[in-house]
Amino acid sequence: MSLDDPGAETEAEEPLTPSRRVQETPPSGIRRFFELAEEMDDVISLGVGEPDFTAPWNAREAAIASLERGRTSYTANRGMRELRERIADDAERWNLSYDPDEEVIVTAGASEAIDAAFRALVNPGDPVAVAEPCYVSYDPGVRFAGGEPLPVPTRAADEFKLTPEVLREAGAEEAELLVYCYPNNPTGATMSIEELAPVAEFCREHDIGVLSDEIYADLTYTEDHASIAALPGMRDRTVVFNGFSKSYAMTGLRLGYAMGPAGAIEAMNRIHQYTMLSAPTTAQYAAIEALDSCGDEVAEMRKQYDRRRQFVLSRFEEMGVDCFEATGAFYVFPEVPDPWTDASTFAEELLEAESVAMVPGDAFGSGGDGHLRASYATGLEELKLAMSRLERFVEGAR
Amino acid sequence: MSDQSDDTATDGGHDDAAARAELLDLLCENARYATADLARMTGLDAEAVEATIADLEASGVVQGYAAVVDWERAESVTESEHVHALVELNVSLDRETGYEDIADRLAQFPEVQALRLVSGDYDFALEVEEESMGKVSRFVSEKVAPVPEITQTVTHYVMDTYKEAGHRFEETGDDDRLSVTP
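If you read the sequences in order, they're chains A and B.
The first sequence begins at 1 in my numbering and counts up by one.
The second sequence begins at 399 in my numbering and counts up by one.
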């Protein structure tokens with residue numbers, strides 16, 4: 001691979017020239033849209049990928065108390081044992097069982113865990129199947145690790161669920177790893193254990209490892225979350241990623257974790273110990289408290305999200321915008337309304353005319369074109385206003 | 399989308415009791431939600447929302463609707479003061495007079511905003527609202543204290559309110575999230 005050949009084309013480079021790997025990775029498509037939105041006043045943004053709630057007070061208070069007690073040193077590389085124990089206990093509700101000593105690692109957000117997994121498990125040139133549309137970091141993460149992302153576009157007709165058909169169509173039999181996220185950002189799709197079973201079968205048949213990003217596991221509205229790792233034969237080929245950002249509205253505290261077979265977690269810890277050393281200590285104290293006592297707050301946030309979800313879906317239906325019933329995370333993924341065909345054009349014109357920001361679906365990879373991501377992690381009053389403006393905009397063009 | 403309503407109709411999640419509980423919860427959150435929005439949020443149709451709320455009102459579950467007001471800020475609007483006091487009352491009962499009877503007399507005063515029987519060092523907790531401290535004092539000394547069963551009153555004037563009916567009284571914090579994030 002010329003990418004890794006230090007002899008090639010280096011002579012003319014200025015000092016501190018970004019590496020070719022970085023140069024070949026385009027900035028996130030979201031970035032451009034963010035800049036457009038930032039230039040305008042009074043934008044109602046349905047483009048936010050984090051909760052509008054604040055972390056539960058108990059968790060914040062525990063973080064403050066830990067600082068008052070002077071708990072400001074590193075923790076064990078893999079995170080405080082107390083926290084890993086609680087994480088392992090908590091996972092039992094998804095029928096997952098992990099040893100807190102060997103099979104759990106606490107990281108600076110699930111993002112760090114996913115990056116560590118790519119770097120720990122991917123060899124140069126390894127094909128990694130990426131179910132798309134998806135969170136924007138998987139494809140670059142695979143590239144940074146030297147792997148070859150293999151996009152697997154899911155289909156609107158399948159409500160953006162992963163199936164053996166789309167895996168086969170994309171040639172994922174060849175993949176070493178499959179990475180996906182359900183409940184899904186950006187589509188809001190979820191997958192039941194029955195729907196995961198054929199995917200698991202495909203992975204067993206073709207000896208593929210699974211990186212299952214379950215960061216939105218607490219935010220499902222029609223049935224409980226299911227993890228592929230709970231299926232027969234999957235535990236030893238799956239790493240599960242989760243964290244506190246979405247469930248507990250703790251995005252800024254940067255705390256996530258991964259659970260998987262001891263060998264994989266040990267490999268990830270090798271990367272983690274040299275790059276991060278340990279996840280933020282203050283956040284670990286907050287996380288212990290979150291798991292101990294903040295279940296009611298999580299339930300309340302889920303209730304609020306569900307109301308907004310139903311509200312937004314109803315409004316889209318009323319204005320004749322096609323949108324499948326998203327059942328998880330805090331996103332819906334409507335189709336670009338007639339007469340528009342291109343999501344970016346629609347999103348830019350909507351922003352310009354009505355100051356409402358929605359992110360074009362193609363920013364999240366293949367399969368997302370012709371769609372828009374609308375986040376309902378925004379107060380109901382703002383959602384109402386945004387929907388009225390959207391309705392006016394769409395009807396004005398018909 | 400058309401099978402969405404079918405799903406909710408058959409999953410049993412919106413039977414009468416669940417619908418009543420959900421609407422009650424929503425009204426407590428914001429009694430000014432429009433019927434159409436309540437319908438959108440719950441998956442019920444607008445007629446069912448109307449009927450359920452009417453039933454909650456008729457059966458006395460919902461006693462009324464009121465705004466949560468920060469009176470300190472309202473002074474510029476109403477041009478009058480608003481004094482709030484909590485009054486502890488001790489009472490003596492006899493064969494003819496129970497708590498209910500005393501509560502009945504006290505609750506009829508328009509100055510009384512809330513009246514509760516409580517456990518602990520005193521019997522009734524009374525909330526009084528008036529335009530001045532003087533008026534509160536006169537009300538307690540001239541109307542409440544003389545009630546024969548009342549043996550003691552202790553009046554606490556409210557000096558500042560930080561939170562009321564679940565609403566924190568403070569400058570509403572700006573959303574400091576970035577406007578568009580992955």
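Positions of the beta carbon are idealized from the N, C-alpha and C atoms, including for glycine.
Do residue 76/A and residue 276/A have their beta-carbon atoms positioned less than 8 Å apart in this structure? Residue 276/A sits at position 276 when you count from the first residue of the first sequence. Residue 76/A sits at position 76 when you count from the first residue of the first sequence. No, they are not a contact pair.
From the DSSP secondary-structure annotation, give me the bridge partner or partners of residue 515/B. Here residue 515/B refers to the residue found at position 117 of the second sequence. BP columns for residue 515/B point to 522/B.
Applying a beta-carbon distance threshold of less than 7 Å, which residues of chain B neighbour residue 315/A? Residue 315/A sits at position 315 when you count from the first residue of the first sequence. Those within 7 Å of residue 315/A in chain B are 438.
Coarse secondary structure for residue 405/B, derived from DSSP in three states: Against the second sequence, residue 405/B aligns to sequence position 7. Because the pLDDT at residue 405/B is just 43, under 50, the model does not fix this residue reliably, and the point stays unresolved.
By the three-class DSSP mapping on this structure, what secondary structure does residue 281/A have? Here residue 281/A refers to the residue found at position 281 when the first sequence is read from its first residue. Helix.
Rounded C-alpha distance that separates residue 557/B from residue 106/A: The count along the second sequence starts at 1 and reaches residue 557/B at position 159. The count along the first sequence starts at 1 and reaches residue 106/A at position 106. Between residue 557/B and residue 106/A, the C-alpha separation is close to 47 Å.
Rounded distance between the beta-carbons of residue 438/B and residue 311/A, thought under 8 Å: On the first sequence, residue 311/A is found 311 positions in, with the first residue counted as 1. On the second sequence, residue 438/B is found 40 positions in, with the first residue counted as 1. That pair is a contact at about 4 Å.
Only counting the same chain, and skipping five residues up and downstream in sequence, which positions put a Cβ closer than 6 Å to that of residue 454/B? Position 56 of the second sequence, counted from the start, is the residue given in the question as residue 454/B. Contacts found: 460.
Under 9 Å Cβ-Cβ, which residues of chain B neighbour residue 195/A? The residue labelled residue 195/A in the question sits at position 195 within the first sequence. By Cβ distance, chain B contributes nothing, its closest Cβ being about 16 Å from residue 195/A, past 9 Å.
CB contact check: residue 553/B to chain A, cutoff 8 Å: As a first step, residue 553/B is located in the second sequence; it is residue number 155 there, counting from the start. No, its Cβ sits nowhere closer than 8 Å to a Cβ of chain A.
Near-chain B residues of the stretch 24 to 45 of chain A - C-beta to any C-beta below 7 Å: 28, 30, 33, 34, 37, 38, 43 and 45
Beta-ladder partner(s) of residue 488/B, from DSSP: Looking up residue 488/B in the second sequence gives position 90. Residue 488/B is bridged to 550/B.
Which bits of chain B does residue 226/A rub up against, with CB to CB less than 8 Å? One-based indexing of the first sequence puts residue 226/A at position 226. Result: empty, since nearest Cβ-Cβ is about 18 Å, beyond 8 Å.
Residue 539/B to residue 515/B span [Cα, whole Å]: Counting from one through the second sequence, the residue named residue 539/B turns up at place 141. Counting from one through the second sequence, the residue named residue 515/B turns up at place 117. C-alpha separation (whole angstroms): 20 Å.
Buried or exposed: residue 23/A, going by 16 or more other Cβ atoms within 10 Å of its Cβ? Position 23 of the first sequence, counted from the start, is the residue given in the question as residue 23/A. Classification of residue 23/A: exposed, given that the 10 Å Cβ count is below 16.
Rounding to the nearest angstrom, what Cα-Cα distance links residue 16/A and residue 140/A in this structure? Taking the first residue of the first sequence as 1, we reach residue 16/A at position 16. Taking the first residue of the first sequence as 1, we reach residue 140/A at position 140. So the alpha carbons of these two residues sit roughly 21 Å apart.
Output, in sequence order along the chain, the residues in the stretch 273 to 297 of chain A whose CB is closer than 7 Å to any CB in chain B. none
Going by Cα to Cα distance, which pick from 238/A, 156/A and 69/A is closest to residue 104/A? Position 104 of the first sequence holds residue 104/A. Residue 238/A is the option with its Cα nearest to residue 104/A.
Quick check: the stretch 230 to 247 of chain A against the stretch 206 to 222 of chain A, are at least 3 beta-carbon pairs closer than 8 Å? yes
Other residues of its chain near residue 48/A: CB distance less than 6 Å, five sequence neighbours each side excluded: Within the first sequence, residue 48/A is the residue found at index 48, counting from 1. Here the set comprises 375 and 377.
Any Cβ of chain A within less than 8 Å of the Cβ of residue 573/B? Taking the second sequence and counting its residues from 1, the one referred to as residue 573/B is at position 175. Interface residue, yes.
Euclidean distance between Cα positions of residue 257/A and residue 226/A: As a working mapping, residue 257/A is identified with position 257 in the first sequence. As a working mapping, residue 226/A is identified with position 226 in the first sequence. Those two C-alpha atoms are separated by around 17 Å.
Take residue 181/A and list the residues in its own chain whose beta-carbon comes closer than 6 Å to its own, dropping the five residues that flank it on each side. Position 181 of the first sequence, counting from 1, holds the residue named residue 181/A. The residues are 134, 135 and 213.
Going straight from the alpha carbon of residue 90/A to that of residue 424/B, what length do you get? Indexing the first sequence from 1 puts residue 90/A at position 90. Indexing the second sequence from 1 puts residue 424/B at position 26. Spanning the two alpha carbons is a distance of roughly 30 Å.
Excluding the 5 residues preceding and the 5 following residue 119/A in the sequence, name in chain order all residues of the same chain whose CB lies nearer than 7 Å to its CB. If you number the first sequence from 1, residue 119/A lands on position 119. So the qualifying residues of the chain are 145 and 271.
Could you check the C-alpha separation between residue 408/B and residue 79/A for me, to the nearest Å? Here residue 408/B is taken as the residue at index 10 of the second sequence, counted from 1. Here residue 79/A is taken as the residue at index 79 of the first sequence, counted from 1. Note that residue 408/B scores a pLDDT of 42, beneath 50, so its modelled location is shaky; the value from the coordinates is reported in the next line. Each residue's alpha carbon lies about 45 Å from the other.
Just how far apart, CA to CA, sit residue 381/A and residue 326/A? Here residue 381/A is taken as the residue at index 381 of the first sequence, counted from 1. Here residue 326/A is taken as the residue at index 326 of the first sequence, counted from 1. One C-alpha to the other measures close to 21 Å.
Tell me whether residue 212/A sits in a helix, a strand or coil according to DSSP, three-state version. Position 212 of the first sequence, counted from the start, is the residue given in the question as residue 212/A. In the structure shown, residue 212/A sits in a strand (DSSP, three-state: E or B).
Just the chain A side, please: which residues come within less than 8 Å of residue 466/B by C-beta, in chain order? The residue you call residue 466/B lines up with position 68 of the second sequence. Within 8 Å Cβ-Cβ: nothing; residue 466/B doesn't reach chain A, min ~16 Å.
Taking only beta-carbon atoms, is residue 360/B less than 8 Å away from chain A? Outside the displayed span of chain B (399 to 580) sits residue 360/B, for which this structure offers no information.
If you drop the 5 nearest sequence neighbours on each side, which residues of the same chain put their C-beta closer than 6 Å to that of residue 411/B? Counted from its first residue, the second sequence places residue 411/B at position 13. Unreliable placement is indicated for residue 411/B, whose pLDDT of 43 sits below 50; the coordinate value is still reported in the next sentence. Correct list: empty, nothing qualifies.
Pick helix, strand or coil for residue 238/A, following the three-state DSSP scheme. Numbered from 1 along the first sequence, position 238 holds the residue referred to as residue 238/A. Strand at residue 238/A.
Could you list which residues in chain A have their beta carbon closer than 8 Å to that of residue 435/B, in chain order? Mapped onto the second sequence, residue 435/B falls at position 37. By Cβ distance, chain A contributes 311, 380 and 384.
With DSSP as the reference, identify every bridge partner of residue 541/B, one or two as the case may be. Numbered from 1 along the second sequence, position 143 holds the residue referred to as residue 541/B. Paired residues: none, contrary to the question.
Between the stretch 38 to 57 of chain A and the stretch 288 to 308 of chain A, do at least 3 Cβ pairs fall closer than 8 Å? yes
Can you list the residues of chain B that residue 270/A reaches, using a CB-CB cut of under 9 Å? Along the first sequence, one-based indexing puts residue 270/A at 270. Chain B residues near residue 270/A: none, gap ~27 Å exceeds 9 Å.
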